[in-house]
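For the sequence shown, the working numbering assigns the number 2 to the initial residue and increments by one for each residue that follows.
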Amino acid sequence: MKAAKREKGDVEKKSSKDEEDTNGLFASCSFSDLGLHATLCEHLQDKMGFQKPTKIQAEAIPVAISGRHALVKAATGTGKTLVYLAPIIHLLQMRQPRIDRSDGTFALVLVPTRELCMQVHGIAQKLVHRFHWIVPGYIMGGENRAKEKARLRKGISILIATPGRLLDHLKNTSSFNYSNLRWIVFDEADMILELGFGKALEEILDFLGSRAGASEQAGNKKGDVKKGSRQNLLLSATLNEKVNRLANLSLDKPVRIGLDENAVSPDNEELFIKDSVDSYNLPDQLLQRYVKVPCGSRLSVLLSILRALFEREVSQKVVVFLSTCDGVDFHYTLLNEFKLQPETNQSSKFLNCKVFRLHGNLKQEDRAKAFQGYKTEKSALLLSTDVAARGLDFPRVRCILQYDSPGEASEYVHRVGRTARLGEKGEALLFLQPIESAYLRDLELHGVSLKEYPLEKVLDSFPLSRQGIKNSYKKQPVSLEMHPWILFLERALESFVSSEPTMRKLARDAFCSWVGGYTAHRGDLKKIFVVKKLHLGHVAKSFGLKEQPSLVGRVQAKKRKREEKKEKSFKQRKVTAKKYLSSS
């Protein structure tokens with residue numbers, strides 16, 4: 002009980018401090034001022050620690066309660082989930098007679114990833130604690146479909162779903178009752194579309210009769226649903242042409258929240274996404290920095306920065322974003338098994354913290370375990386692809402390291418959005434090679450300015466007096482690649498990777514995937530991240546490999562062989578054609 006009171010007091014102090022630190026993140030009103038039920042407001046404050054709504058919540062919740070369609074653009078970490086869940090629960094608990102599981106699904110929330118699906122479901126479960134007759138549930142890829150079917154048969158009031166699995170159940174699960182469907186929510190809409198679910202969303206809208214401009218009676222096989230009783234909400238941290246199209250397909254004369262006035266077409270009917278560059282909306286308390294590292298020294302610098310972070314503050318969380326699943330697996334295994342040589346008196350693991358990994362190729366059970374494990378740990382490191390870049394709320398994440406640059410410039414926003422959430426302070430560090438410096442100018446066009454990270458100071462903090470080379474370094478500064486700590490660490494890493502067959506295979510796979518991923522940048526970023534400018538031998542070194550893997554050579558050889566075969570075949574056909582023409 003005392004602990005609970007202390008925690009409550011801490012939350013109140015933190016909320017008061019946040020209002021000062023975040024330059025007006027929180028609104029001056031209360032949740033009750035927004036029209037929410039008193040019991041729900043009390044639960045939000047006393048049990049969930051939300052003392053005041055954020056500005057985006059204060060603006061959007063009354064609109065959601067009113068029943069109007071809405072398009073919400075809000076910076077990541079500003080509490081978008083409550084924007085739709087709180088009004089939905091408020092309105093459901095008011096219905097008379099009380100809703101029952103047999104009534105089926107009233108609210109449908111579409112999310113891009115399995116982790117976000119579980120997170121939204123967890124928040125919904127907490128919100129309905131005082132309204133036990135409202136049943137939240139989820140369906141998503143990777144789960145047992147038969148068990149999902151059984152849950153749908155019993156009835157789920159608020160259903161959180163990934164698009165592919167929802168469409169599957171709409172088509173094939175006859176016991177899925179959605180005749181009372183009242184809300185459709187698109188959360189993190191931009192990512193849903195970037196993951197290729199655009200056609201699936203259109204099919205879902207057609208199946209449910211929820212396209213904008215549909216007839217006054219939207220019919221489906223579970224019964225007719227009046228179009229006027231259906232409310233659609235679309236939430237996104239960034240806007241682009243795909244989101245624009247989805248909004249125009251799904252929303253009828255929506256209230257636009259968080260958009261500039263010039264983001265509306267002259268006739269005020271459709272969204273208007275300009276071709277000009279959109280400014281990124283990031284928290285003021287986020288410290289954003291970059292570090293330029295030659296390709297061959299990347300791995301040593303990453304490990305050095307991570308070690309410095311966890312030595313600086315023992316109880317903290319860090320997320321490292323990588324471009325490929327193979328890259329995550331390699332670094333995960335390395336950080337769990339790598340130890341420095343005994344001569345440095347460091348016989349324990351290189352990092353004194355728990356390490357988790359998250360990517361799309363993991364089994365669903367492993368993904369769920371990593372997601373929950375990282376959330377509950379006080380001090381931990383998460384290695385992840387962009388599967389963790391959108392919407393996920395990990396408590397107490399202090400630092401985001403973008404070891405591999407994002408495939409699209411807008412992804413920068415979502416990655417760094419895992420820290421500095423709801424007024425918390427946070428740091429973000431972007432790794433760049435010298436040949437990638439133009440990326441900083443691209444971010445500046447979006448209003449993002451990064452300061453340089455004091456790497457030399459960090460490297461000098463590691464003692465190497467026993468090697469007798471630090472003093473000479475002090476007298477005559479050398480390049481980063483020749484720093485004694487970097488040289489020492491590189492030798493240790495290469496020795497470790499070469500001596501472990503499993504590590505060698507992981508390193509080779511990660512190398513090949515990284516080179517492939519480097520070519521995947523789109524748009525203007527293609528001019529910055531040019532694979533032909535890379536020194537593949539240095540890239541191999543960044544994975545602890547002494548030599549460039551022969552696998553790439555074999556791939557290139559196969560490509561040349563195919564081209565030679567095609568050319569030979571073409572010549573043969575040409576000769577055959579000449580013979581045929583001469584004989585005729």
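Here a beta-carbon is modelled for each residue, glycine too, at the ideal position from N, C-alpha and C.
Which residue's Cα is closest to the Cα of residue i: the options?
i: residue 482; options: 246, 542, 325 and 548; result: 542
i: residue 233; options: 240, 242 and 211; result: 211
i: residue 194; options: 153, 247 and 180; result: 247
i: residue 188; options: 519, 236 and 125; result: 236
i: residue 244; options: 519, 486, 72 and 404; result: 72
i: residue 367; options: 115, 185 and 459; result: 115
i: residue 59; options: 88, 202, 49 and 419; result: 88
i: residue 42; options: 67, 382, 120 and 128; result: 128
i: residue 544; options: 429, 522, 333 and 485; result: 333
i: residue 142; options: 111, 335 and 338; result: 111
i: residue 124; options: 48, 444 and 454; result: 48
i: residue 388; options: 254, 464, 33 and 118; result: 118
i: residue 380; options: 169, 527 and 320; result: 320
i: residue 254; options: 391, 464 and 213; result: 213
i: residue 363; options: 329, 406 and 550; result: 329
i: residue 304; options: 491, 44 and 55; result: 491
i: residue 536; options: 109, 295, 179 and 145; result: 295
i: residue 145; options: 130, 159, 170 and 158; result: 170
i: residue 198; options: 164, 178 and 180; result: 164
i: residue 459; options: 423, 310, 180 and 256; result: 310
i: residue 390; options: 331, 322, 365 and 440; result: 322
i: residue 383; options: 337, 341, 426 and 424; result: 337
i: residue 113; options: 450, 70, 166 and 149; result: 166
i: residue 306; options: 241, 463 and 356; result: 463
i: residue 209; options: 191, 178 and 190; result: 178
Determine which residues share a DSSP beta bridge with residue i and list them.
i: residue 111; result: 162 and 187
i: residue 138; result: 160
i: residue 71; result: 234 and 256
i: residue 385; result: 322 and 359
i: residue 400; result: 319 and 428
i: residue 292; result: 432
i: residue 27; result: 55
i: residue 287; result: 427
i: residue 453; result: 291
i: residue 148; result: For residue 148, which the question treats as bridged, DSSP gives no partner whatsoever.
i: residue 527; result: BP columns for residue 527 are empty, so no partner.
i: residue 340; result: 350
What whole-angstrom Cβ distance do residue i and residue j have, given they're in contact under 8 Å?
i: residue 435; j: residue 293; result: 6 Å
i: residue 386; j: residue 360; result: 4 Å
i: residue 511; j: residue 327; result: 4 Å
i: residue 352; j: residue 308; result: 6 Å
i: residue 182; j: residue 109; result: 6 Å
i: residue 423; j: residue 80; result: 6 Å
i: residue 406; j: residue 433; result: 7 Å
i: residue 300; j: residue 494; result: 6 Å
For residue i, does the count of other Cβ atoms within 10 angstroms reach 16, so buried, or fall short, so exposed?
i: residue 315; result: exposed
i: residue 354; result: buried
i: residue 587; result: No answer is possible for residue 587: the residues shown for the chain start at 2 and end at 585.
i: residue 239; result: buried
i: residue 358; result: buried
i: residue 324; result: buried
i: residue 445; result: exposed
i: residue 75; result: buried
i: residue 297; result: buried
i: residue 122; result: buried
i: residue 514; result: buried
i: residue 126; result: exposed
i: residue 538; result: exposed
i: residue 91; result: buried
i: residue 425; result: buried
i: residue 312; result: exposed
i: residue 508; result: buried
i: residue 392; result: buried
i: residue 224; result: Residue confidence for residue 224 is low, a pLDDT of 39 falling below 50, so the modelled location carries little weight and cannot support an answer.
Any heavy atom of the ligand MG inside 8 Å of the beta-carbon of residue i?
i: residue 318; result: Because no ligand of any kind appears in the structure shown, any question about the ligand MG cannot be addressed here.
Worksheet entry | the segment 402-412 / the segment 484-504 touching (three or more Cβ pairs under 8 Å) | no
Worksheet item: If we count Cβ pairs, one from each stretch, closer than 8 Å, do we get three or more for the segment 88-104 versus the segment 128-136?
Response: yes
Practice prompt. Would you be able to state if there are at least three C-beta pairs under 8 Å between the segment 149-160 and the segment 60-80?
Written response: no
Discussion item. For the structure I just gave you, are there three or more beta carbon pairs, one from the segment 416-428 and one from the segment 285-299, closer than 8 Å?
Written reply: yes
Discussion item. Does the contact criterion of 3 or more C-beta pairs under 8 Å hold for the segment 454-464 versus the segment 103-110?
Written reply: no
Worksheet item: Pairing CB atoms from the segment 390-403 with CB atoms from the segment 513-533, are three or more of them under 8 Å?
Response: no
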